[in-house]
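*Asks:*
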Amino acid sequence: MKKIASTFSFFYYLFVLYTLVCYALIYWSPLKGWFWGFIMMSFPLVIAGHLLILVMSLLSRRKKNIVLPFLVLLLGGFFLPRTFQWGNDPEEVDTAKKKLTVIHYNVHGFQHSHGGDKDMINADKKKMKDWLVDLGGDIICMHEYVNYKGSGVMDVTGAFEKAGFKNAVYFNSREYNRPHSYYGMVLFSKYPVVASRDTLFEMQNGMIQADIKVGKDTVRVISVHLFSMTLRLKALVSQRTSEGLIREGRSTARSIKLGFLNHAREAEVLKEWIRASPYPVIVGGDFNETPYSYVYGKIRGVLASTFEDKGSGFGFTFNEMPYFIRIDHQFYDGKRLKLIDFKTINNVKYSDHYPVMGTYQVIRD
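Mind the numbering: the sequence shown is residues 6 to 370 in the working numbering, read in order.
1) Quick one, which of V77, I9, V161, S14 has its alpha-carbon nearest V26's?
2) Quick check on V242: buried or exposed, where buried means 16 or more other Cβ atoms within 10 Å of its Cβ?
3) Any Cβ of chain B within less than 8 angstroms of the Cβ of V26?
4) When the Cα of K134 is compared with those of P74, V274, M159, which residue comes out closest?
5) Using the C-alpha atoms, what's the distance from H230 back to G290?
6) Quick check on the burial criterion: 16 or more other C-beta atoms within 10 angstroms. Buried or exposed for K7?
7) In chain order, what residues of the same chain have a beta carbon less than 7 angstroms from the beta carbon of I71, not counting five sequence neighbours either side?
8) Please return the same chain residues whose Cβ sits closer than 8 angstroms to the Cβ of L36, not counting the five positions on each side in sequence.
9) Give the secondary structure of F16 by DSSP, where H, G and I count as helix, E and B as strand, and everything else as coil.
10) Is it buried or exposed for S34, if we count other Cβ within 10 angstroms and need 16 for buried?
11) Identify which residue in G82, D338, V367 has its Cα closest to the Cα of A281.
12) Around the Cβ of D139, are there at least 16 other Cβ atoms within 10 angstroms (buried) or fewer (exposed)?
13) Alpha carbon to alpha carbon, what distance is there between T204 and K340?
14) Give me, in chain order, the residues of the same chain whose beta-carbon lies closer than 8 angstroms to that of Q366; leave out the 5 immediate sequence neighbours on both sides.
15) State the start and end residues of the unbroken alpha helix (DSSP H) segment that holds K218.
16) For a quick check, are the C-beta atoms of Q209 and M234 less than 8 angstroms apart?
17) Determine the direct distance from the alpha carbon of K132 to that of I126, and round the result to whole angstroms.
18) Work out the CA separation of Y153 and P184 for me, nearest whole Å.
19) Check the C-beta distance from I213 over to F176 and give it rounded, since I have them as a contact under 8 angstroms.
20) Using a Cβ-Cβ cutoff of less than 6 angstroms, which residues in the same chain neighbour N351 once the five nearest sequence positions on both sides are dropped?
21) Taking DSSP's pairing of strands, which residues face I332 in a bridge?
22) When the Cα of Y196 is compared with those of T88, Y188, I287, V224, which residue comes out closest?
23) State the CB to CB distance for the pair F312 and F265, rounded to an integer number of angstroms; the pair is presumed to be in contact (CB under 8 angstroms).
24) By how many angstroms is the C-alpha of K123 removed from the C-alpha of Y150?
25) Would you identify the three-state DSSP class for F292, choosing helix, strand or coil?
26) Distance check for I44 and V51, CA to CA, integer angstroms please.
27) Secondary structure at R225, three-state DSSP: helix, strand or coil?
28) Would Q335 and V353 qualify as a contact pair, given that the criterion is a beta-carbon distance under 8 angstroms?
29) For R67, which of helix, strand or coil comes out of DSSP?
30) Taking 8 angstroms as the cut-off, decide whether the C-beta atoms of I304 and V288 are in contact.
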């Protein structure tokens, strides 16, 4: 029995060492290789492991064993703001200034209802389009956006124009935009767009930048859609043989590895855009990265996180397996912008993502 306890202690000390490495990587984000990405991604499992050890220690006769897991968990509490928020009341709006409400939403091509018949799918598309138009945003940034001009249900751009979104910036429009159709990223604005640009990473992944004139002020809004990992988690968990489980597991690991490599490169471009801005910046979109990742840490190092400042609950933004992740984020210039309110709208199931919405006002000297 003594030998078993000694062996368990040895492996637990190794686990503690692994945990400290994980904490350091998340806090400083010094390394961007895919190997370190997997370690940072394991953070929730690491915390769950120490919680289990703590409970086991409390139930055992040797109460002194609770000290180490308790201290490790206490240190891990430093990352709690990235994970959970108790909810924060909206700030008071300065009526003398204009406010700016920015929505980021991966709409999944307006086709999340794969299983229904054509009439049901079209009905869902119309509901989604009407809901988005009525949401009350000033700027709506969409990813995997689809529009078919003059098609009725799928003429989404026409509906936004009628609702007052007179200004639009399209992603990689020369390549994908056609007189009758469009697929990609788009930014709609009720305020004037005085300048814009975009950059392509791969296929529909990239960034849109728009300088928005809000009253006397100019705000730079950057919408991002980082490399899509396209994980087949349903296929993975549905496997009934070890061979199938290994095959799908390897495929999933390869997709995540490729995602980490691409995201690190894309994050450097995004940081350059942020640092080059003469205006207050709002960045948001589908990052395909959790709050414990290299990308999140790097952007959090130059901008404030809306979720950490005004979020509520866990703020999960994914509407498919594994559900319990937050990969859509908004960041803002906390020195030049006042965050009035932020929310994840998780009561709509139109897409495989939930929209995130932040309301801001410019801070003047």
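Beta carbons: idealized from backbone N, C-alpha and C, even for Gly.
*Replies:* Once the coordinates are examined:
1) Indexing the sequence shown from 1 puts residue 26 at position 21. Cα-wise, what sits closest to V26 is V77.
2) By one-based count along the sequence shown, residue 242 stands at place 237. Reliability of the predicted coordinates at V242 is poor, the pLDDT of 49 falling under 50, and no value is obtained from them.
3) Protein chains in the displayed structure number just one, and chain B is not present.
4) Here residue 134 refers to the residue found at position 129 of the sequence shown. Minimum Cα distance to K134 is reached at M159.
5) Taking the sequence shown and counting its residues from 1, the one referred to as residue 290 is at position 285. Taking the sequence shown and counting its residues from 1, the one referred to as residue 230 is at position 225. Approximately 6 angstroms between the Cα atoms of the pair.
6) Along the sequence shown, one-based indexing puts residue 7 at 2. By the neighbour-count rule (16 or more Cβ atoms within 10 Å), K7 is not buried but exposed.
7) Translated into the one-based positions of the sequence shown, residue 71 becomes position 66. Contacts found: L59, S62, L63.
8) Here residue 36 refers to the residue found at position 31 when the sequence shown is read from its first residue. Closer than 8 angstroms at the Cβ level, and outside the excluded window around L36, lie L30, Y299.
9) Taking the sequence shown and counting its residues from 1, the one referred to as residue 16 is at position 11. F16: helix per DSSP, three-state reduction.
10) Numbered from its first residue, the sequence shown carries residue 34 at position 29. With 16 or more other Cβ atoms within 10 Å, it is buried.
11) For the purposes of this step, residue 281 is identified with residue 276 of the sequence shown, where counting begins at 1. Selected option, being the one with the closest Cα: D338.
12) Against the sequence shown, residue 139 aligns to sequence position 134. Its Cβ having fewer than 16 others within 10 Å, D139 is exposed.
13) Reading the sequence shown from its first residue, position 335 is the one you call residue 340. Reading the sequence shown from its first residue, position 199 is the one you call residue 204. Approximately 27 angstroms between the Cα atoms of the pair.
14) Here residue 366 refers to the residue found at position 361 of the sequence shown. Contacts found: V98, D99, K102, K103, K104, L105, L342, K343, I345.
15) Counted from its first residue, the sequence shown places residue 218 at position 213. Premise fails: K218 lies in the beta strand (DSSP E), 210-219, not in any alpha helix (DSSP H).
16) As a working note, residue 209 is residue 204 in the sequence shown. As a working note, residue 234 is residue 229 in the sequence shown. No; because the gap between Cβ atoms is not below 8 angstroms, this pair is not in contact.
17) As a working note, residue 126 is residue 121 in the sequence shown. As a working note, residue 132 is residue 127 in the sequence shown. One C-alpha to the other measures close to 10 angstroms.
18) The residue labelled residue 184 in the question sits at position 179 within the sequence shown. The residue labelled residue 153 in the question sits at position 148 within the sequence shown. Residue placement at P184 cannot be trusted, given a pLDDT of 49 that sits under 50; what the coordinates show is reported in the next sentence. Their backbone Cα atoms lie some 9 angstroms apart in a straight line.
19) Counting from 1 along the sequence shown, the entry for residue 213 is found at position 208. Counting from 1 along the sequence shown, the entry for residue 176 is found at position 171. About 5 angstroms separates the two Cβ atoms, so the contact holds.
20) Counting from one through the sequence shown, the residue named residue 351 turns up at place 346. Hits under 6 angstroms: Y359.
21) The count along the sequence shown starts at 1 and reaches residue 332 at position 327. Bridge partners of I332: none, in fact.
22) The residue labelled residue 196 in the question sits at position 191 within the sequence shown. It is V224.
23) If you number the sequence shown from 1, residue 312 lands on position 307. If you number the sequence shown from 1, residue 265 lands on position 260. Not a contact, Cβ separation roughly 22 angstroms.
24) Start at 1 with the first residue of the sequence shown, and residue 150 comes out as number 145. Start at 1 with the first residue of the sequence shown, and residue 123 comes out as number 118. Going from the Cα of Y150 to the Cα of K123 covers about 19 angstroms.
25) Walking along the sequence shown from the start, residue 292 turns up at place 287. Residue state, collapsed to three classes: coil.
26) Residue 51 sits at position 46 when you count from the first residue of the sequence shown. Residue 44 sits at position 39 when you count from the first residue of the sequence shown. Roughly 10 angstroms between the two C-alpha positions.
27) Counted from its first residue, the sequence shown places residue 225 at position 220. Reduced to three states, the DSSP call for R225 is strand.
28) Reading the sequence shown from its first residue, position 330 is the one you call residue 335. Reading the sequence shown from its first residue, position 348 is the one you call residue 353. No. Outside cutoff.
29) Working through the sequence shown from its first residue, we reach residue 67 at position 62. Coil, per DSSP.
30) Counting from one through the sequence shown, the residue named residue 304 turns up at place 299. Counting from one through the sequence shown, the residue named residue 288 turns up at place 283. Their beta carbons are under 8 angstroms apart, which means I304 touches V288 by this criterion.
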